[in-house]
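Working notes, structure below.
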Amino acid sequence: MSDYKAFRVELADKIAHVAINRPDKINAMNADFWPEIIEIFNWIEATDEVRAVVISGVGKHFSSGIDLMMLAQAGNQQGRDVGRNAEKLRRMILTLQASFNAVDNCRKPVLAAVHGYCLGGAIDLISACDMRYAAADAQFSIKEIDMGMAADVGTLQRLPRIIGDGQMREMAYTGRMVGAEEAREMGLVNRVYADHAALLEGVMQLAREIAAKSPVAVRGTKEMIRYMRDHRVDDGLEYIATWNAAMLQSEDLRIAMAAHMSKQKPEFAD
Numbered sequence: 124m125s126d127y128k129a130f131r132v133e134l135a136d137k138i139a140h141v142a143i144n145r146p147d148k149i150n151a152m153n154a155d156f157w158p159e160i161i162e163i164f165n166w167i168e169a170t171d172e173v174r175a176v177v178i179s180g181v182g183k184h185f186s187s188g189i190d191l192m193m194l195a196q197a198g199n200q201q202g203r204d205v206g207r208n209a210e211k212l213r214r215m216i217l218t219l220q221a222s223f224n225a226v227d228n229c230r231k232p233v234l235a236a237v238h239g240y241c242l243g244g245a246i247d248l249i250s251a252c253d254m255r256y257a258a259a260d261a262q263f264s265i266k267e268i269d270m271g272m273a274a275d276v277g278t279l280q281r282l283p284r285i286i287g288d289g290q291m292r293e294m295a296y297t298g299r300m301v302g303a304e305e306a307r308e309m310g311l312v313n314r315v316y317a318d319h320a321a322l323l324e325g326v327m328q329l330a331r332e333i334a335a336k337s338p339v340a341v342r343g344t345k346e347m348i349r350y351m352r353d354h355r356v357d358d359g360l361e362y363i364a365t366w367n368a369a370m371l372q373s374e375d376l377r378i379a380m381a382a383h384m385s386k387q388k389p390e391f392a393d
């Protein structure tokens, strides 16, 4: 693992803990953040020892979203030609989208542990994760509307598949703050923990449970869930039949069956 400017990355118990590490700036997503998260998830993809990923924030908050200085700089670089400005802005937006696509496309489960502020671009980030968990002090807001813009890095595309359409629209149109318990009720987060310490302990325990399962089985399960976002039921059934025609020949199946029958904990290869 490399040294990162916007993140702290640790690997223990087959879990990659990816922490946004700009606490003095409320973990705002600056220019370093976007290429680094792609680099980190490329490493996660290439490292078989990693079985699960936890994303959190260092300090008092998860993240306040995109760094406003970064947006201001983009505005200052505009010239007088509307067409050229639009082309430059479009390339920038697609580059930012690629950062969270790397999270969404990760073949290992990604768990978000949210405390304090989770605003704007941070909603885009957690929407790209498999599951979301919150401390009691967590506050969520699709804040872009208050900045005079539409969210453009994944929230409006991914969040309707996580929470109800009407709830998503209300958050997107108003930018209002949603507390942890309301977020749990609407399905944005799975569980709420008393504080930041309990949140990290609980999410790490869930990640360890996932990491103890067959990585072949976890990989196949995630792939099928992702595939079904954009396909019909019969397409999904055809795909899992073809997938498992190969994967059911894995040694993991024999190990899991033997462990179940002997009531022992299975040990799977990376």
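Take the sequence shown: its letter number 114 is residue 237 in the working numbering, and every next letter is one higher. Positions of the beta carbon are idealized from the N, C-alpha and C atoms, including for glycine.
Can you tell me where the beta strand (DSSP E) holding Phe391 begins and where it ends?
No beta strand (DSSP E) contains Phe391, which DSSP labels as neither H nor E.
Return helix, strand or coil for Tyr350, following the three-state DSSP convention.
It is helical.
In terms of residues, what are the limits of the beta strand (DSSP E) holding Phe130?
Residues 130-135.
Can you tell me where the beta strand (DSSP E) holding Arg331 begins and where it ends?
Not the beta strand (DSSP E): Arg331 falls in the alpha helix (DSSP H), residues 319-334.
For a quick check, are the C-beta atoms of Ile189 and Gly243 less than 8 Å apart?
Against a cut-off of 8 Å, the Cβ pair of Gly243 and Ile189 comes out as a contact.
Using DSSP with H/G/I as helix, E/B as strand and the rest coil, what is Met300?
Correct three-state label for Met300: coil.
Just to confirm before moving on: does the CB-CB distance between Arg281 and Ser250 stay below 8 Å?
Yes.
Please list, in chain order, all residues of the same chain as Gly298 whose beta carbon is under 7 Å from its beta carbon, the five residues on each side excluded.
Counting only Cβ-Cβ distances below 7 Å, and skipping sequence neighbours, we find Ser264, Ile265, Lys266, Ile268, Asp269.
Bridge partners for Gly180 per DSSP, in chain order?
Per DSSP, Ile143.
Can you say whether Lys386 is buried or exposed, counting buried as having 16 or more other CB atoms within 10 angstroms of its CB?
With fewer than 16 Cβ atoms within 10 Å of its Cβ, Lys386 is classed as exposed.
Can you tell me the Cα-Cα spacing of Asp393 and Ala273, whole angstroms?
Looking at the two C-alpha atoms, the distance is approximately 41 Å.
Determine the contact status of Ile143 and Ala129, defining contact as a CB-CB distance below 8 Å.
A contact, by the Cβ cut-off of 8 Å.
Just how far apart, CA to CA, sit Ile286 and Ala195?
Looking at the two C-alpha atoms, the distance is approximately 32 Å.
Got a sec, what are the start and stop residues for the alpha helix (DSSP H) Phe223 sits in?
From DSSP, the alpha helix (DSSP H) with Phe223 extends over 205-227.
CB-CB under 7 Å to Met351, same chain, minus the five flanking residues each way: which ones, in chain order?
These residues qualify, in order along the chain: Gly359.
Check each candidate in Ala169, Val276, Gly180 and name the one with the smallest Cα separation from Ala151.
The residue with the shortest Cα to Cα distance from Ala151 is Gly180.
Between Val205, Gln200, Arg214, Leu279, which has its C-alpha nearest Ala245's C-alpha?
Among Val205, Gln200, Arg214, Leu279, the Cα nearest to that of Ala245 belongs to Leu279.
DSSP three-state call for Ile363: helix, strand or coil?
The answer is helix: DSSP assigns Ile363 an H, G or I state.
Is the Cβ-Cβ distance between Ala225 and Ile160 less than 8 Å?
Cβ atoms of Ala225 and Ile160: closer than 8 Å.
What does the Cβ neighbour count give for Pro338, buried or exposed, with the cut at 16 atoms within 10 Å?
Classification of Pro338: buried, given that the 10 Å Cβ count is 16 or more.
Using the three-state DSSP reduction, which class does Phe185 fall into: helix, strand or coil?
In this structure, Phe185 counts as coil in the three-state DSSP scheme.
Which word fits Val176, buried or exposed, when buried means at least 16 other C-beta atoms lie within 10 angstroms of its C-beta?
By the 10 Å Cβ count, Val176 comes out buried.
Measuring CB to CB, does Pro232 end up less than 8 Å from Val315?
In this structure, Val315 does not lie closer than 8 Å to Pro232 by Cβ.
Taking all protein chains shown into account, decide if Lys137 is buried (16 or more other Cβ within 10 angstroms of its Cβ) or exposed.
It is buried - the Cβ of Lys137 has at least 16 other Cβ atoms within 10 Å.
Could you tell me the alpha carbon to alpha carbon distance between Arg214 and Ala381, rounded to whole angstroms?
Going by the C-alpha atoms only, they are around 52 Å apart.
The alpha helix (DSSP H) spanning Met380 covers which residue range?
Counting along the chain, the alpha helix (DSSP H) containing Met380 begins and ends at 374-385.
According to DSSP, simplified to helix, strand and coil, what is Ala369?
Three-state DSSP puts Ala369 in a helix.
If you run the structure through DSSP and keep just helix, strand and coil, what is Gln290?
It is helical.
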